[in-house]
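Protein chains in written order, with the working numbering: chain H, 133 to 298; chain W, 9 to 96; chain A, 112 to 226.
The beta carbon of each residue, even a glycine, is placed where N, CA and C say it ideally should be.
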Amino acid sequence: MSAPNSRSISDGSSNAEDLYLEAYAFTTAAALVGSVDRKIFLLLRDGRNLFGVLRTFDQFANLVLQDTTERIYLDAEGSKSLEKPARFGETYRGVFMVRGENVVMMGAVDIDHEDEHLEVLQNIPFEAAEAELKAIQRERVQAEKQKTKSLLSRGLINDFTKSDLY
Amino acid sequence: MADVQPQQKQEEPLDLIRYQLDETVLVKLRGAREMKGKLQGYDSHCNMVLSDATEYIYAENQDKPQGKSTDMVFIRGDSVILISPVAE
Amino acid sequence: MLFFSFFKTLVDQEVTVELKNDMEIKGVLKSVDQYLNLKLDNISCTNDVKYPHLNSVKNLFIRGSTVRYIHLNPNSVDCTLLQDASRRGPWFKPPSKGCPLAHTKLQCIIDRLNI
C-alpha cells in the first residue's frame, strides 16, 4: 500500500479496521512478507553471510531460514599476500533460526544473477577461508582496541564492540 | 488542554535543544565523529536531522579531522554523545 | 514517532544510508517501520569490494539499529514542518492516558499538511 492510498483512507473514514490497515503498511512484517519462500541473503552482526530460503519471521525480524549456505568472502588485499586473488569458501548449514537483534541487513536474491559475482572469485575450502577470516578478525579486534585507547586519550569515542564484525 | 499545562512546568534536558531549532549546532558522535549543521528536527531518542551539515571524522594518527559535507542528513540517536550550540 | 512519520513522507525518494560499519548504500526508500528499519529498492553499494554479492540483491531490508546516518535530498524535506513538529515534541509520545487514537489522528493531520 502506498502512502497516498493510506492518506485517502484516513480521509474517508476512521473506523478501527481502516486505521489498522493504514498502520500495517509500515510495519516490520509488511517489509518482510514479500521475501517469504524466496532465496534471501542475510548479513549478521558477527559478519556472517548466509544464503537461504526465508520461511517465517516476526515483528522483531526474528527469522527462520531453510537450506542455508554460509559463505565467506576474502578480498585480495585482506590476505596480505598480493599473489592471492579474491576468494570465497562456502558450506551447507541447513536450518537457521536467527534472533532479530543479530540481523544487519537482508534482501531477496535475484536467482538468475546470484552466481555472477562468484565467477571472478576463486573457490577455496570453507575451513581454509574460515581460518583466514578468524585471523583477520583477531587482527581487527587488536587494531580497534589500540584505536579506542588512542582516541580516548583525545576525548573521542571509538564505536566498536567485539561482537560487531560486519 | 490538560496535556499542555504539565509541559510548561516541566523542564527537561531536551527542552534546551528546542531553542536550537533552525540554529547551527555541533553534535558529538560515537565513532570519533562530529557533525555541524542547522538543526531541523529531533526527538526524544536524540534522532535528528541537520541541514547544510559538515561531518568531521577524526583519524587515529591525525590532529586535524577530515571534513565531509552533506546537504541534509538524518542522524540516528544512538550515536549521539552531546549536542552543543555553535556561535556563527 | 516523529521520525517514523517523517520517513513515511520520504517513501519513493532516493536516500543514501550510511551504516555503522562505514558502508554506504544508495536506494529508493520503499518502507519504514516504528524501529526505523528501512526497506530499499534498486540498491547500489559504494564499497562493493567487501560485499560483492550485493550486486544480485536488488531490494534490501536494513535493521534500524545498524544505521549511522541517512543522507537525504534537501528538496524532499519540509524543514518548517519538521521544526514545528519537533517543537510540539511531547505530542508525539504515545499517549499514556486519554484517547488512544489521538496520536494516530495527529499523525494523519501532519501527513495531510505535508501534501
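TODO: Determine the chain A residues that contact Arg205 of chain H at a beta-carbon separation under 8 Å, and present them in chain order.
DONE: The amino acid at residue 205 of chain H is misidentified as Arg; the sequence shows Tyr. Result: Lys161, Tyr162, Pro163 and His164.
- [ ] Verify the CB distance criterion: does Leu24 of chain W have a CB-CB separation below 8 Å to chain A?
- [x] no
Open item on the list: Give me, in chain order, the residues of the same chain whose beta-carbon lies closer than 6 Å to that of Lys141 of chain A; leave out the 5 immediate sequence neighbours on both sides.
Closed with: Lys150 and Asp152
- [ ] Select from A:Tyr162, A:Asn132, A:Ser155 and A:Asn148 the residue whose C-alpha is nearest the C-alpha of Leu253 of chain H.
- [x] A:Tyr162
Task: Listed by chain order, chain A residues near Asn181 of chain H by CB distance under 9 Å - done: Tyr162 and His164
Task: chain H contact residues for Tyr66 of chain W, given Cβ-Cβ distances below 8 Å - done: Leu283, Arg286 and Leu288
Open item on the list: Give me the subset of the region 31-64 of chain W whose CB atoms are less than 9 Å from a CB atom of chain A, sorted by chain position.
Closed with: Leu37, Arg38, Gly39, Arg41, Met43, Lys46, Leu47, Gln48, Gly49, Tyr50, Asp51, Ser52, His53, Asn55, Met56, Val57, Ser59, Asp60 and Glu63
- [ ] Grab the span of the alpha helix (DSSP H) containing Leu297 of chain H for me, first residue to last.
- [x] Taken as a continuous stretch (DSSP letters only), Leu297 of chain H belongs to no alpha helix (DSSP H), as it is neither H nor E.
Task: Cross-chain neighbours of Asp79 of chain W in chain A, by beta carbon under 7 Å - done: Pro185
- [ ] Assign Lys46 of chain W to one of two classes, buried (16 or more other C-beta atoms within 10 Å of its C-beta) or exposed (fewer than that).
- [x] buried
Open item on the list: So the candidates are H:Leu176, H:Arg180, H:Gly166 and H:Ala193; which of them puts its Cα closest to the Cα of Tyr146 of chain A?
Closed with: H:Ala193
- [ ] Could you tell me which residues DSSP pairs with Arg174 of chain A in its beta bridges?
- [x] Per DSSP, none; premise fails for Arg174 of chain A.
Open item on the list: Am I right that Asp242 of chain H and Lys169 of chain A are in contact with their C-beta atoms under 8 Å? What's the rounded C-beta distance?
Closed with: 6 Å
TODO: Examine chain A for any beta-carbon lying closer than 8 Å to the beta-carbon of Ser92 of chain W, and answer yes or no.
DONE: no
- [ ] Below 8 Å on the Cβ atoms is my guess for Lys172 of chain A versus Gly184 of chain H; work out the distance and round it to an integer in Å.
- [x] Note that residue 172 of chain A corresponds to Phe in the displayed sequence, not to Lys. Going by Cβ atoms, the distance from Phe172 of chain A to Gly184 of chain H rounds to 15 Å, so no, they are not a contact pair.
Open item on the list: Any beta carbon of chain W sitting closer than 8 Å to that of Asp296 of chain H?
Closed with: no
- [ ] Closer than 7 Å by beta-carbon distance: list the chain H residues that pair up with Val126 of chain A, in chain order.
- [x] Going along chain H, no residue has its Cβ under 7 Å from Val126 of chain A, so there is no contact; the nearest lies around 14 Å.
Task: Alpha-carbon to alpha-carbon, Thr223 of chain H and Phe258 of chain H - done: 6 Å
Task: Selected residue, minimal CA-CA separation from Ser155 of chain A, among A:Met134, A:Asp195, A:Leu183 and A:Val178 - done: A:Met134
TODO: Could you work out which residue in H:Asp244, H:Arg180 and H:Leu297 is closest to Gln274 of chain H when comparing CA atoms only?
DONE: H:Leu297
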